[in-house]
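Asker:
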Amino acid sequence: MNILVCIKQIPDMESRFKIDAAGTWYDQADLAWRMNEYDEFAVEQAVQLKEQLGDADLTVLSIGPDRTKEMIKKALAMGADRGVQVADDHSHLHDPHTIASLIATFARQHQFDLIFAGMQSQDRGSAQVGVLVAEMLGIPSLTTLVEFSYTDGTISAKRELEGGARALVSCTAPALVTCQLGLNTPRYPTLPNIMKAKKKELLTIPVGDLNPADPQQKTISMAFPEKRGSGLILEGDASELAERLMRILKEKTTVLV
Amino acid sequence: MKILLVAEYREGKLLGTSAELIEFTVRMDAQAVMFLVGNKQNLPQFDGRLYLADAAQAGEFNPAVHKQLLLEVIAREQPQLIAFPHSSYGWDLAPRVALALDATQFSEVVDVQEGHLIVPVCNAKLQRRMKAETEKTVVTLQAGAFTPTQSISATPEVIDLPVTGAGDIDFQGYEAAAAGGVDLSKAKVIVSAGRGIGKAENLEMVANLAKALKGEYAASRPVVDADWTDHSRQVGTTGQTVAPKLYIACGISGAIQHLAGMKKSDFVIAINTDKDAPIGEVADVLAVCDLKQLIPLLTEKINAQQA
Ligand SMILES: Cc1cc2nc3c(=O)[nH]c(=O)nc-3n(C[C@H](O)[C@H](O)[C@H](O)COP(=O)(O)OP(=O)(O)OC[C@H]3O[C@@H](n4cnc5c(N)ncnc54)[C@H](O)[C@@H]3O)c2cc1C
Ligand SMILES: Nc1ncnc2c1ncn2[C@@H]1O[C@H](COP(=O)(O)O)[C@@H](O)[C@H]1O
Numbered sequence: 001m002n003i004l005v006c007i008k009q010i011p012d013m014e015s016r017f018k019i020d021a022a023g024t025w026y027d028q029a030d031l032a033w034r035m036n037e038y039d040e041f042a043v044e045q046a047v048q049l050k051e052q053l054g055d056a057d058l059t060v061l062s063i064g065p066d067r068t069k070e071m072i073k074k075a076l077a078m079g080a081d082r083g084v085q086v087a088d089d090h091s092h093l094h095d096p097h098t099i100a101s102l103i104a105t106f107a108r109q110h111q112f113d114l115i116f117a118g119m120q121s122q123d124r125g126s127a128q129v130g131v132l133v134a135e136m137l138g139i140p141s142l143t144t145l146v147e148f149s150y151t152d153g154t155i156s157a158k159r160e161l162e163g164g165a166r167a168l169v170s171c172t173a174p175a176l177v178t179c180q181l182g183l184n185t186p187r188y189p190t191l192p193n194i195m196k197a198k199k200k201e202l203l204t205i206p207v208g209d210l211n212p213a214d215p216q217q218k219t220i221s222m223a224f225p226e227k228r229g230s231g232l233i234l235e236g237d238a239s240e241l242a243e244r245l246m247r248i249l250k251e252k253t254t255v256l257v
Numbered sequence: 001m002k003i004l005l006v007a008e009y010r011e012g013k014l015l016g017t018s019a020e021l022i023e024f025t026v027r028m029d030a031q032a033v034m035f036l037v038g039n040k041q042n043l044p045q046f047d048g049r050l051y052l053a054d055a056a057q058a059g060e061f062n063p064a065v066h067k068q069l070l071l072e073v074i075a076r077e078q079p080q081l082i083a084f085p086h087s088s089y090g091w092d093l094a095p096r097v098a099l100a101l102d103a104t105q106f107s108e109v110v111d112v113q114e115g116h117l118i119v120p121v122c123n124a125k126l127q128r129r130m131k132a133e134t135e136k137t138v139v140t141l142q143a144g145a146f147t148p149t150q151s152i153s154a155t156p157e158v159i160d161l162p163v164t165g166a167g168d169i170d171f172q173g174y175e176a177a178a179a180g181g182v183d184l185s186k187a188k189v190i191v192s193a194g195r196g197i198g199k200a201e202n203l204e205m206v207a208n209l210a211k212a213l214k215g216e217y218a219a220s221r222p223v224v225d226a227d228w229t230d231h232s233r234q235v236g237t238t239g240q241t242v243a244p245k246l247y248i249a250c251g252i253s254g255a256i257q258h259l260a261g262m263k264k265s266d267f268v269i270a271i272n273t274d275k276d277a278p279i280g281e282v283a284d285v286l287a288v289c290d291l292k293q294l295i296p297l298l299t300e301k302i303n304a305q306q307a
């Protein structure tokens, strides 16, 4: 069984973002980078499947600049067999369709039985790449999964719906699935596994080798949203803040009698 | 401009998102036609042509078949834009249609400014103004972003669509959300714990503050996913919707899916170390502080006052 997991590196969402010189994306400098949360569930599910099947080969792929390798190493330490970095300093400028075209080209060369992706990326949040890859490859895709199982070529899964209800779905491999929060509990790489991961294969492919599709959209500008909230911001030490919150609770609410 | 709106239907019922789709066409100053896989007994309030395929034949969830039906309607109507709700139905189906049309897609559109579509980035800390470079465009609309200003009462002109083809996914039915537990909708005060509490043990601190205020404690999704508390306490699109007199969000960043569940609260206090956290958008007061320090002090003061 040949498995692919698509992972993306994103900045910590608690960062103080700045807009870049071109005015179309956030400035990449001085940010802490990590694996897209949804993709951690994807890696974990793929590793669990490999453990279940015994003989499976698990490749993780990420399109991004050099720093992406750090995140790929984490996926290797979680249990992936091989990492592939599609080297691209401008990956953040690509639209979901271009990113999907690169993954699809790679996937066609390697004939995967199952592809895992995150439901969405935390920075761009388009929720498109996974489905687009499957459509480009002409294979079925199941999205927003909170439960996954695989037996004899059939994927049985639960998709999450609004309100917390679920839809029970299945399809046969080859297929692609997208992972929602709570699908599993991603493991922390252990020190021995981090050491082992250093010896695993980490390939770099220049982005030009994978025929990126032409852009279909353009960012005119990026901005901070206008503050709609007229909220009061309180800063200071904890005891002073507790005092001020007490006063607010008394004056602005009816919850203290 | 002509827009094709894709309405939603589930478990035999029309979902409430079609009014928001219509509001979007008002904002775009466009003409609208609608598409629905549903049934005749349950039509959206819409003044225009509605292409209707029978859900009993097409399947309520059957993306390949729904895509094919949509493509037929698009070929007939030639809309420039196709709009879906950004929902489990919409984000699944939209990219399938976009690729088949060679159309670009903008997801989770929150606003229209000077005719341009606006999409959020990084948990809505930033936003982008977009331009399509394809002939047709597919969009998904963020829930709640296009609230109708007036209610529509109209009967659509129904055009039946015959269903053919089978699809590549087998859909076996629904499983309801786990029932039971607490009913948060009755609580006057809710104190809610987010991932910022750091570990399960700190939930007690939040529960104690709720108790001091004679309210209930609740949680954001990661706290529930980590099994620190049960799903019946989750607030948000995939949990409960609440509107208490007071909502205190502790260590919650304010993702749109969380805000959807609590933004109707009368008064919102947020406790967060990140001054830019998007919860600030809906908070009446944002206390920038480590919750582990502030919550016990506040609880103590409230208990002293109530004694
Ligand atoms: C389809 C879908 C449905 C979803 N449904 C829901 C839903 O129903 N409900 C829901 O909540 N989410 C839902 N989510 C998830 C949502 O997108 C967010 O991931 C989630 O709400 C984040 O939870 P959080 O704010 O607790 O955590 P985070 O986003 O990680 O935020 C933690 C916050 O804590 C702050 N913090 C950290 N340490 C401290 C400290 N010591 N003191 C004070 N503050 C601190 C940080 O600054 C940060 O703002 C859904 C997502 C999807 C895609
Ligand atoms: N640069 C990338 N490299 C590898 N995978 C990606 C990349 N961007 C997106 N993906 C995958 O596509 C999913 C959805 O991303 P998006 O459509 O951007 O929300 C992510 O969770 C990843 O699995």
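Chains as they are written, first to last, in our numbering: chain A, 1 to 257; chain B, 1 to 307.
Idealized CB from N, CA, C, for every residue including glycine.
These numbers were taken from a predicted model, which means no experiment stands behind them.
1) DSSP puts Pro206 of chain A in a beta bridge; with which residues?
2) When DSSP labels each residue in this structure, what does Met78 of chain A get in the three-state scheme?
3) Could you tell me how far apart the beta carbons of Gly261 of chain B and Thr229 of chain B are, in whole angstroms, since I believe they sit closer than 8 Å?
4) For Ser153 of chain B, which residues from the same chain have a beta carbon less than 8 Å from its beta carbon, with the 5 sequence-adjacent residues on both sides left out?
5) Closest Cβ-Cβ distance between Ala207 of chain B and chain A: below 8 Å?
6) Taking 5 Å as the limit, tell me which residues put their C-beta closer than that to any heavy atom of ligand 1, in chain order.
7) Assuming the contact rule is C-beta atoms closer than 8 Å, Ala75 of chain B and Val163 of chain B should be a hit. Round their C-beta distance to whole Å, please.
8) Span of the beta strand (DSSP E) holding Gln113 of chain B?
9) Taking all protein chains shown into account, do 16 or more other C-beta atoms lie within 10 angstroms of the C-beta of Asp225 of chain B, making it buried, or fewer, making it exposed?
10) Please indicate yes or no: does the CB of Gln217 of chain A lie closer than 7 Å to some heavy atom of ligand 2?
11) Let's test the definition: count the other Cβ atoms within 10 Å of the Cβ of Ser18 of chain B and tell me whether it reaches 16, buried, or not, exposed.
12) When you check each C-beta in the stretch 210-238 of chain A against every C-beta of chain B, which residues fall closer than 9 Å?
13) Between the stretch 163-193 of chain A and chain B, which residues of the former have a C-beta closer than 7 Å to a C-beta of the latter?
14) Measuring alpha carbon to alpha carbon, tell me which residue in B:Lys186, B:Gly181, B:Ala218 is nearest Gly194 of chain B.
15) Name, please, each residue of chain B whose Cβ falls closer than 8 Å to the Cβ of Glu251 of chain A.
16) Between Asp27 of chain A and chain B, is any beta-carbon pair separated by less than 8 Å?
17) Can you check which of these residues, A:Leu181, A:Met195, A:Ile194, is closest to Arg221 of chain B by C-alpha distance?
18) Given a limit of 8 Å on CB to CB distance, which residues of the stretch 120-131 of chain B reach chain A?
19) Please state if the CB of Lys200 of chain A and the CB of Gly83 of chain A are separated by a distance shorter than 8 Å.
20) Counting only Cβ pairs nearer than 7 Å, list the residues of chain B close to Gly106 of chain A.
21) What in chain B is Cβ-close to Arg124 of chain A, meaning under 7 Å?
22) How is the beta strand (DSSP E) around Met130 of chain B delimited, first residue to last?
23) Identify the continuous beta strand (DSSP E) that holds Phe224 of chain A and give its terminal residues.
24) Please state whether DSSP places Gln216 of chain A in a helix, a strand or coil.
25) Below 8 Å between beta carbons: does that hold for Leu183 of chain A and Phe41 of chain A?
26) Determine the extent of the beta strand (DSSP E) in which Asn272 of chain B is found, giving its start and end residues.
27) Counting only runs of 3+ residues fully inside the stretch 25-69 of chain A, write out the beta strand (DSSP E) ranges in chain order.
28) Using the beta-carbon count (16 or more within 10 Å), is Ser141 of chain A buried or exposed?
29) Give me the DSSP bridge partner(s) of His116 of chain B.
30) Could you tell me which whole alpha helix (DSSP H) segments of length 4 or greater appear in the stretch 201-240 of chain B?
31) Anything in chain A within Cβ reach of Ile302 of chain B, meaning under 8 Å, just list it in chain order.
32) Out of B:Leu15, B:Thr104, B:Leu161, B:Leu93, state which residue places its alpha-carbon closest to the alpha-carbon of Arg49 of chain B.
33) Whole angstroms are fine: how far does the CA of Lys40 of chain B sit from the CA of Ile63 of chain A?
34) Within 7 Å: the Cβ of Ala42 of chain A and any heavy atom of ligand 2?
35) Can you find a heavy atom of ligand 2 that lies under 7 Å from the Cβ of Val129 of chain A?
36) Taking the beta carbon of Gln128 of chain A as the centre, do at least 16 other beta carbons fall within 10 Å, making it buried, or is it exposed?
Answerer: Looking at the coordinates:
1) A:Ala87
2) helix
3) About 15 Å; that fails the 8 Å criterion.
4) Gln45
5) no
6) A:Glu14, B:Gly194, B:Arg195, B:Gly196, B:Ser220, B:Arg221, B:Pro222, B:Gly236, B:Thr237, B:Thr238, B:Gly239, B:Gly251, B:Ile252, B:Ser253, B:Ala255, B:Gln257, B:His258, B:Asn272, B:Thr273, B:Asp274, B:Ala277, B:Asp290, B:Leu291
7) About 16 Å separates the two Cβ atoms, so there is no contact after all.
8) 111-113
9) buried
10) no
11) buried
12) Asp214, Pro215, Gln216, Gln217, Lys218, Thr219, Ile220, Ser221, Met222, Ala223, Phe224, Pro225, Lys227, Arg228, Gly229, Ser230, Gly231, Leu232, Ile233, Leu234, Glu235, Gly236, Asp237, Ala238
13) Gly163, Gly164, Ala165, Arg166, Ala167, Leu168, Val169, Ser170, Cys171, Leu181, Gly182
14) B:Ala218
15) What Glu251 of chain A touches in chain B: nothing, since even the nearest Cβ is about 11 Å away.
16) no
17) A:Leu181
18) Pro120, Val121, Cys122, Asn123, Ala124, Lys125, Leu126, Gln127, Arg128, Arg129, Met130, Lys131
19) yes
20) A small correction: the amino acid at residue 106 of chain A is Phe; Gly does not occupy that position in the sequence shown. Near Phe106 of chain A there are no residues of chain B at all, since even the closest Cβ is about 17 Å away, more than 7 Å.
21) Val121
22) 126-132
23) Where Phe224 of chain A is concerned, there is no enclosing beta strand (DSSP E), given that its DSSP letter is neither H nor E.
24) coil
25) yes
26) 267-272
27) 33-35, 57-64
28) buried
29) B:Gln113
30) 203-212, 221-225
31) Met246, Leu249, Leu256
32) B:Leu161
33) 47 Å
34) yes
35) yes
36) buried
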